[in-house]
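Heads up: the sequence shown is residues 64 to 271, going by the working numbering.
For every residue, glycine included, the Cβ atom is placed at its ideal position computed from N, Cα and C.
These figures come from a predicted structure and were not determined experimentally.
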Amino acid sequence: MSAPSNKPAPWKARLAEAEKRLREVAGQLAETTRALKESEKHLRRVARLDALTGLFNRRGLEHELRCAWALAGRQRSSVGLLIVDLDHFKRINDVHGHPAGDQVLRECAHLLKADLRVSDVICRYGGDEMVAVLPFANSKETRAVAGRILQRIRRHIFGRGRYNLHVTLSIGLACARPAPRSSPDTLLARADRALYRAKRAGRDCARS
């Protein structure tokens, strides 16, 4: 009688190899899934960004404002909103060219960020208009932010060394608590009407 072999049965070896391969494939699938989710997240974010300024675009504004509004509703707080319009921006493009206008927009976006909190959101609403969403800000705080922005822009020289431009802003501001008869759209509409009043008042000012 021959001694029993210490080698595993052929089917056991094949099973172990198959299990090993399945673990490898499962790991690869998990890694691929993670990569796809990250890519999808990146694409969604890019779709909400303005290519020139790096700010959120109108789609991004809608998303961020809805989120801030919903959060304020849960916290029984308010949301401040600023609509910022560059005064006589068309004149900059006409006199100095569109590259100068683009430079002004980029610098303005950077300067506006400097006066906002980490929790605040700044968006390019379209053309030369930008919108700042200020979660949990009351009317006094919203007016204070608008005042700081106006001062910072007045002091700044845009396109220093090449264009050396001085720019002013008109700002419409609004603040509200979520309520049955209010919405993000009504808050935007109020700020837009306030912007019109700022322009009627001679520009380079903020109105509510």
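Straight-line gap, residue i to residue j (C-alpha atoms, nearest Å)
i, j, result
"residue 105", "residue 112", "Residue confidence is low: residue 105 scores 49 on pLDDT, short of 50, so the model does not pin down where it sits. Its coordinate-derived value is still stated next. The straight-line gap from Cα to Cα measures roughly 11 Å."
"residue 231", "residue 133", "33 Å"
"residue 142", "residue 264", "25 Å"
"residue 257", "residue 88", "60 Å"
"residue 267", "residue 91", "58 Å"
"residue 162", "residue 156", "8 Å"
"residue 136", "residue 241", "5 Å"
"residue 110", "residue 189", "15 Å"
"residue 270", "residue 174", "20 Å"
"residue 261", "residue 166", "24 Å"
"residue 153", "residue 191", "9 Å"
"residue 80", "residue 176", "57 Å"
Three-state class that DSSP yields for residue i in the structure shown
i, result
"residue 92", "helix"
"residue 206", "helix"
"residue 239", "strand"
"residue 221", "strand"
"residue 230", "coil"
"residue 177", "helix"
"residue 150", "coil"
"residue 244", "coil"
"residue 160", "coil"
"residue 115", "coil"
Spatial neighbours of residue i in its chain, beta-carbon cut-off 7 Å, leaving aside the 5 residues before and after
i, result
"residue 178", "208, 211, 212, 215"
"residue 77", "none"
"residue 272", "Since the displayed the chain opens at 64 and closes at 271, residue 272 lies outside it and no answer follows."
"residue 116", "168, 169, 172, 187"
"residue 148", "191, 192, 232, 233, 258"
Close Cβ partners of residue i (< 8 Å) along its chain, the five nearest in sequence each way excluded
i, result
"residue 245", "239"
"residue 127", "119, 184, 186, 196"
"residue 180", "197"
"residue 254", "144, 145, 146, 194, 235, 236, 237"
"residue 129", "247"
"residue 228", "155, 159, 163, 167, 220, 221, 222"
Same chain, Cβ closer than 6 Å to residue i, five either side skipped, listed in chain order
i, result
"residue 94", "none"
"residue 170", "221"
"residue 159", "226"
Residue i: first and last residue of the uninterrupted beta strand (DSSP E) it sits in
i, result
"residue 195", "192-198"
"residue 187", "184-189"
Endpoints, alpha helix (DSSP H) assigned at residue i
i, result
"residue 266", "Looking at the DSSP string, residue 266 is not in any alpha helix (DSSP H), and its letter there is neither H nor E."
"residue 123", "121-138"
Chain D contact for residue i (CB, 9 Å cutoff)
i, result
"residue 144", "Absent from the structure is chain D; it holds one protein chain and no more."
Any non-hydrogen atom of the ligand NAD closer than 8 Å to residue i Cβ
i, result
"residue 162", "Within the structure as shown, the ligand NAD is missing, as the structure has no ligands at all."
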